[in-house]
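The structure appears below as structure tokens.
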Amino acid sequence: MSTVSEISSLLETLTTSIDVFKAELYRQGFSEPSSMTSKPHLIDDPSYVAPPLMYEARRLAIGSLDRLKLLLESPFEALASACLAEGEIQGLRLVTEIGLREVLEDAADPEAGEEIRVIAEKTKTDPVKLGEESVLRLLANAGWFRETKPDYFANNRRSHTLKAGSKGFYAAKNIKLPEAMTHPDEGFRMSRNPDKTGWNLYSGSELPFFGPYSWLEKKPGEAQKFALGMGGYGIASDNGVAYDVPWVDLVKDKDAIVDVGGGQGTLCCSLAEAHPEIKRFIVQDLPATRQAAEKYISSNGLSDRVKFEEQNFFEANKRKGKGSYIFVMQKVLHDWSDEEGAKILRNIRECLEDGKSRMLIIDPIIPPVLVNSEGPNARQSLTALEGQTRYTPVQPPPFVPQDFGMNRRIAHQVNICLIALCNSFERTYASMENMVSMAGMKIRRVTTTRAYVHVTEVEVDPEA
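Counted the way UniProt numbering counts, the sequence shown spans residues 1 to 464.
As structure tokens, this is what we get:
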């Protein structure tokens, strides 16, 4: 019996995927991306949507690269790197705070960059700590900036995500997960309550982070910052949600799309921009969110189509019996336990009982991280996508994980943040099904998107 070489199989998947990716760039008239420039590539624009073939080629390439790294890297080096990953996170927070991306953009020659002592002078920081021995060298190594010659640093494709005031600028938060999970008080350590979390230890607050009567509700300024941060993470999923769900067909003969717990309205604004033929959106959230939401909606020029409505999702929904709607909850239910999530869903269920409305949950569904030595050939899978405009995910080839590794890592990382912030989790299909059934509902279908989230349609279970 012959043994299949993991390295050879993954290498074949990688080269096939890169060939297809390059061909897709050429077909669209794009140059290849480069790590040697301070300018972003056209495909870096948040509004760019990769065609299905190109998206899957990229997903296969990154998935196989991730597994090749696993095979080639020393396990002890991997452990050390993972344990020290906080340094990169803190480094990104630091350079965002001091406006490094703008300093480098304003250099006399942005391609050559700026000398570290000039950067330190402009940002009022210690040049040795900032770059000569520490932070910028780490971030350049990790691909966030470029060192163009000794002690000179410049922007690259990634650093533009840190532009002041952009969504990426707000995407960082502090947590104290290890302290919560090893707390000497077993009641605290094992608690699933939203007021006994790593965030509570970090902040010193006894209030839960989210929801009515929460820390965010009492601090509207912090709530606005948090909403901006969530919008930053939303960049990684907005396009997949906007273009891989048939919104125009769904909303036909409906009065509006209603985003329950919609924060500042980032989802509704994204959908409104992608689908100008949809004329009415309603963002529902707590009264404290109104000012920030109306400001955000207005800044996008969408006040005529996107309206804010005060709504506590633990209470009966104001839209009940008033028309037909597509109700949406994006990255809301993952903040709550199954019991609390079921309470929230029951209020939507009441709006669906007349059969006129529908309900979509936009959250990741976490698959097993299984790796199989068998699977479809990557070239054949990609060939089947040629000419397609509708996204259809390919199945993982040999030795690429079921969740495509690095491609789905954001969902796993968010999971850790959820535990630290509110003692909740991203759900597997089984746990999603359990929560939905507790609300007297059932899953109708799950749509995979060109993002780390899934769109799960749920409906009233007549047998519940």
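Ideal Cβ positions, reconstructed from N, Cα and C, are used throughout, including at glycine.
These numbers were taken from a predicted model, which means no experiment stands behind them.
By the Cβ neighbour-count rule, residue 24 is buried, with 16 or more other Cβ atoms within 10 Å of its own.
In the DSSP annotation of this structure, residue 273 is not part of any beta strand (DSSP E); the continuous alpha helix (DSSP H) holding it starts and ends at 266 to 274. Burial state of residue 414 is buried, judged by a 10 Å Cβ sphere holding 16 or more other Cβ atoms. With contact defined as three or more Cβ pairs closer than 8 Å, the region 258 to 278 and the region 322 to 334 are in contact. Note: residue 256 is bridge-paired with 325 in the DSSP secondary-structure output. Straight across, the Cα-Cα distance linking residue 356 with residue 255 is about 10 Å. The beta carbon of residue 431 sits closer than 8 Å to those of 338 and 425, all from its chain and outside the five residues before and after it, given in chain order. Rounded to whole angstroms, residue 419 and residue 94 show a C-alpha spacing of 24 Å. One alpha carbon belongs to residue 99, the other to residue 49, and they sit about 29 Å apart. Look at residue 304 here: in three-state DSSP terms it is coil, with no helix or strand label. Cβ neighbours of residue 215 within its own chain (closer than 6 Å, five residues either side excluded): 205, 207 and 209. Within the region 185 to 253, no run of beta strand (DSSP E) reaches 3 residues while sitting entirely inside it. The three-state reading of DSSP puts residue 154 in strand, counting E and B together.
Your pair residue 113 and residue 148 checks out as a contact, with CB atoms roughly 5 Å apart and the cut at 8 Å. The beta carbon of residue 346 sits closer than 8 Å to those of 439 and 440, all from its chain and outside the five residues before and after it, given in chain order.
In this structure, residue 397 keeps its C-beta atom at 8 Å or more from the C-beta atom of residue 371. Collapsing the DSSP output to three states places residue 76 in a helix.
Beyond the five residues adjoining it in sequence on each side, residue 433 comes within less than 7 Å, by CB distance, of 443 in the same chain, given in chain order. Between residue 392 and residue 10, the alpha-carbon positions lie close to 22 Å from each other. In the DSSP assignment, residue 297 falls within the alpha helix (DSSP H) that extends over 290 to 299.
Distance between residue 39 and residue 105, taken at the CA atoms: about 10 Å.
Boundaries around residue 416 are those of the alpha helix (DSSP H), 409 to 422, since no beta strand (DSSP E) includes it. Fewer than three beta-carbon pairs drawn from the region 213 to 228 and the region 140 to 159 are found closer than 8 Å, and the two stretches are therefore not classed as touching.
Taking a contact to require three or more Cβ pairs closer than 8 Å, the region 265 to 273 and the region 227 to 236 qualify as touching. For residue 5 and residue 380, the gap between their C-alpha atoms comes out near 19 Å. CA-to-CA, the gap between residue 61 and residue 101 works out to about 29 Å.
Within the same chain, Cβ atoms closer than 6 Å to the Cβ of residue 278 are found at 251, the five residues on either side in sequence being excluded. Less than 8 Å divides the Cβ of residue 405 from the Cβ of residue 66.
Judged by DSSP in its simplified three-state form, residue 283 adopts strand.
In the DSSP assignment, the residues bridged to residue 310 are 285. Fully contained in the region 94 to 143 are the following alpha helix (DSSP H) runs of length 4 or more, in chain order: 100 to 105, 116 to 123 and 135 to 141. Contact between residue 42 and residue 30 holds: CB atoms are separated by about 6 Å, below the 8 Å threshold. In this structure, the beta-carbon distance from residue 447 to residue 244 falls below 8 Å. One thing to note: residue 236 has its Cβ no nearer than 8 Å to the Cβ of residue 55. When DSSP states are grouped into helix, strand and coil, residue 459 belongs to the strand group. Spanning the alpha carbons of residue 284 and residue 294 requires a straight line of approximately 12 Å.
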